[in-house]
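Colleague: The structure follows.
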Amino acid sequence: MAGSARLRQKTPADWLRSVRAFRLIPDETLKRLYAECHLETVERGETLVKAGEVPDALFIVISGRFQTTAYASDPAWAELGPGAVLAEQAFFTREQQRVSISAARNSIALKLDWDSFETLAQTAPNIWQAVMRSLLLTDVEDKVPAQPRSFLGRAKSLAILPAGGDTIPTPLIKKLSGSIERRADCQLLSSEGLGQDMPGGIALDDPQVIHWLKEQENRFEVILLLADSETTPWTERALADADEICLVGTHDGGRLGAPVPLNAVEEMAFEMRGADACRLALFHNERYENTIAGTRRWLEYRPVRSHHHLRASSQDDYERLARFLLGQSTGFFASGRGIYGAASLGIFKAVQAAGFEPDCFAGVGAGAAVAACLALGMDPDDTDQLITDVMVERGALRRKTWPQFSLYKQRKLDKLILDRFPDTDLADMPIPFYSASANLSTGEAHVHTVGNMQVAIRANWTFPGLLPPFIDEEGQFLIDGSLLNPLPVKQMQKLNAGPNVIARPDLAPLGKSPVRYRDLAAWQKRARRRWPFSKPYKDLEAVLPSFETLLVTAFERSQDASQKYGPLDMELAAPVPQDFDVMAWHDHGRLKDKCYRWAIEQLEKHAQSGDFVLVAALPQTESE
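Residues in the sequence shown are numbered consecutively from 78, following the numbering used here.
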């Protein structure tokens with residue numbers, strides 16, 4: 078948007094023409110209609126329009142944000158910003174409103190009462206004629222599907238406040254505001270800039286000041302509100318108005334030590350907005366940035382929505398945080414059991430070649446190891462080589478055992494995980510990462526966002542029954558999380574506004590057996606003498622799927638594959654042919670390459686067809 082267009086003030090006619098029914102009404106009549114309207118201030122959380130009721134007023138959003146829900150307590154379906162019209166259809170048809178609309182933050186709306194509109198329409202019959210013509214023309218236009226927005230739920234107002242005992246470093250503010258400015262026209266507001274630090278400074282509750290602040294929101298795409306280090310009225314105002322809140326602390330690099338206490342401003346933020354509204358950004362100066370450690374000291378008292386690391390010499394860290402704050406971040410979710418995790422690796426290689434660089438990673442099953450390696454910055458081919466080395470060259474699961482606890486011995490695999498994967502706390506990873514295992518002790522999902530990476534990988538490594546469950550320090554049994562939920566993406570949607578790429582294998586049905594059931598005993602008898610000390614006869618493996626493949630396929634087919642994805646999330650389910658046994662780790666690279674070629678073809682098809690939803694996660698050439 079050009080600067081001159083952004084700074085131009087909207088006239089009353091401009092606001093009223095946001096209502097599709099008023100598009101053909103002459104300016105003179107619109108002025109009379111505007112005289113019947115009045116501005117209404119709406120507090121955060123206040124429900125403006127209720128589902129099931131006939132609205133007695135029409136609203137046009139002047140500033141702020143609103144969200145639609147089935148009921149006031151439900152999660153938001155969509156967010157509406159300045160220029161949006163609320164309850165328009167129900168207002169004119171006098172029907173019950175289908176969804177509730179409540180304020181997502183302190184907002185101002187232009188309100189037109191039904192009684193006032195009806196009275197004016199009686200004295201000016203041309204109003205109803207223009208309304209009917211506008212609605213008829215709009216119905217024709219609505220038959221052409223509109224292209225979805227490239228990003229949903231974009232933040233308009235961002236509050237930055239100090240965490241811990243230090244002030245926010247000035248270079249950090251400059252770098253972060255610069256990263257935001259590259260994506261949207263941004264204005265930085267602070268109490269110092271508003272003159273509050275001067276004798277006789279401004280009063281934030283002054284109507285002229287309120288109007289000026291709302292004017293800034295309409296002029297700029299993003300407002301960056303820099304809070305004070307004390308609980309001043311300006312800080313309270315910033316917290317109340319912000320769509321996103323970012324706590325900024327300076328980390329001393331210490332791995333050990335006492336938890337970092339909350340300051341008064343943070344306490345105000347958690348009390349007013351709650352932990353889910355806040356993100357934590359830790360600044361690491363050049364002295365401590367090479368090894369990130371001790372993050373959990375900050376998270377002890379801050380159960381924030383997500384946390385991020387800002388290294389002094391890494392511009393990528395600031396760009397990533399800007400995308401998170403603006404609702405433009407992207408994620409990659411990997412899944413799969415056994416070698417089927419290679420499907421996710423091949424899919425990632427394809428979307429990376431198309432220009433997709435995720436801002437966060439997650440994984441379940443064998444996908445947990447894949448996602449962890451990618452989050453550490455490893456190349457897909459290097460990740461494939463690492464897994465092949467562990468499972469084939471080193472033979473992590475080469476020896477079977479009598480199935481007292483599992484079919485395979487776990488000792489060698491455990492040792493190789495300790496040797497090949499870093500002893501890193503997930504909270505200290507430069508790029509956000511989580512995995513989800515199934516907790517058999519509680520019957521619930523166990524989301525690993527902090528704690529040892531090796532534990533998160535081992536708990537998800539392979540199917541239960543093939544390896545013993547991992548038992549953590551608290552005595553809880555942890556297994557492959559995909560058994561409880563094949564694609565637990567809810568946590569990623571909470572962490573990241575999207576779009577997200579969800580990669581998974583699509584197992585082919587086993588097909589018909591070439592061996593009749595009455596002949597099965599003979600096959601078993603031939604193999605019994607040799608197992609478990611060596612592999613069964615190769616001809617048996619050639620015609621029948623292995624025990625492990627049967628087990629995994631049975632569970633895969635019994636699970637509900639339907640998922641609640643976001644409107645811009647894209648699922649890529651790579652088909653896995655029958656000839657890939659789940660434990661044939663020597664085929665890991667071959668399966669990765671096969672799924673890579675498949676994913677490349679799929680991305681090309683969707684790009685050519687203009688399937689916006691499936692390509693929304695790829696870089697956009699147009700300006701935001």
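Just so you know, even glycine gets a beta-carbon here, dropped at the ideal spot from N, CA and C.
1) For C450, does the three-state DSSP call read helix, strand or coil?
2) Could you tell me the alpha carbon to alpha carbon distance between A149 and A180, rounded to whole angstroms?
3) For the stretch 426 to 446 and the stretch 468 to 475, state whether three or more C-beta atom pairs, one from each stretch, are separated by less than 8 Å.
4) Can you tell me where the beta strand (DSSP E) with M647 in it begins and where it stops?
5) With 16 other CB atoms within 10 Å as the buried threshold, where does S81 fall?
6) According to DSSP, is H328 helix, strand or coil?
7) By the 10 Å Cβ neighbour count, where 16 or more other Cβ atoms means buried, how is S390 classified, buried or exposed?
8) Output yes or no for whether 9 Å exceeds the beta carbon distance between I534 and A676.
9) Could you give the residue range of the beta strand (DSSP E) that holds I250?
10) State the beta-bridge partners of V119 as determined by DSSP.
11) Between K589, Q568, L543 and K567, which has its C-alpha nearest I556's C-alpha?
12) Going by DSSP, what residues sit across from G440 in a beta bridge?
13) Pick helix, strand or coil for K671, following the three-state DSSP scheme.
14) Got a sec? Which residues, its chain only, sit under 7 Å from E633 by beta carbon, not counting five neighbours each side?
15) Could you tell me the alpha carbon to alpha carbon distance between L503 and L387, rounded to whole angstroms?
16) Buried or exposed, going by whether 16 or more other CB atoms sit within 10 Å of the CB of N367?
17) Going by beta-carbon coordinates alone, are I250 and L303 separated by less than 9 Å?
18) Classify A439 as buried or exposed, calling it buried when 16 or more other Cβ atoms lie within 10 Å of its own Cβ.
19) Can you tell me the Cβ-Cβ gap for C263 and E298, rounded? I've got them flagged as a contact below 8 Å.
20) Determine which residues share a DSSP beta bridge with V126 and list them.
21) Shortest alpha-carbon distance to E678 belongs to which of L403, L265 and A650?
22) For the structure I just gave you, are there three or more beta carbon pairs, one from the stretch 236 to 244 and one from the stretch 324 to 335, closer than 8 Å?
23) Using CA atoms only, rank isn't needed, just tell me which of L125, L187, P380 and P248 is closest to L357.
24) Only counting runs of 4 or more residues, tell me where the alpha helix (DSSP H) segments fall wholly within the stretch 480 to 553, in order along the chain.
25) Hey, A399 and I494 are a contact pair by Cβ (cut 8 Å); roughly how many whole angstroms apart?
26) Provide the residue(s) that pair with Q264 in DSSP beta bridges, ordered along the chain.
27) Looking only at its own chain, which residues have a Cβ that is under 6 Å from the Cβ of V217, when we skip the five neighbours before and after it?
28) So for V381, helix, strand or coil by DSSP?
29) Any chance the stretch 118 to 126 sits against the stretch 89 to 106, with 3 or more Cβ pairs inside 8 Å?
30) Could you give the distance in angstroms between the alpha-carbon of R332 and the alpha-carbon of Q655?
31) In this structure, what does DSSP give as the bridge partners for L584?
32) Verify whether the separation of the beta carbon atoms of A346 and L301 is less than 9 Å.
33) Tell me the rounded alpha-carbon separation between K233 and Q570.
34) Could you check where the beta strand (DSSP E) with P239 kicks off and where it finishes?
35) DSSP on K567, reduced to helix/strand/coil?
36) Would you call the stretch 586 to 601 and the stretch 659 to 669 touching, i.e. three or more CB-CB distances under 8 Å?
Modeller: A quick look at the data gives this:
1) helix
2) Because A149 sits at a pLDDT of 44, beneath the cut-off of 50, its placement in the model cannot be relied upon, and the following sentence gives the value as read from the coordinates. For A149 and A180, the distance between alpha carbons rounds to 10 Å.
3) no
4) M647 to V653
5) Note that S81 scores a pLDDT of 33, beneath 50, so its modelled location is shaky and nothing firm can be said.
6) coil
7) exposed
8) no
9) Note, I250: premise wrong, no beta strand (DSSP E); alpha helix (DSSP H) at T247 to E258.
10) S184
11) Of K589, Q568, L543 and K567, the smallest CA-CA separation from I556 is found for L543.
12) A411 and S512
13) helix
14) L584
15) 16 Å
16) exposed
17) yes
18) buried
19) Yes, C263 and E298 are in contact; Cβ-Cβ is about 7 Å, under 8 Å.
20) V126 pairs with I178.
21) A650
22) yes
23) P380
24) 488 to 497 and 530 to 537
25) That pair is no contact at about 35 Å.
26) I300
27) With a pLDDT of only 34 at V217, under the threshold of 50, the placement of this residue in the model should not be trusted, and no figure is reported.
28) coil
29) no
30) 48 Å
31) V653
32) Against a cut-off of 9 Å, the Cβ pair of L301 and A346 comes out as no contact.
33) 19 Å
34) S234 to P239
35) helix
36) no
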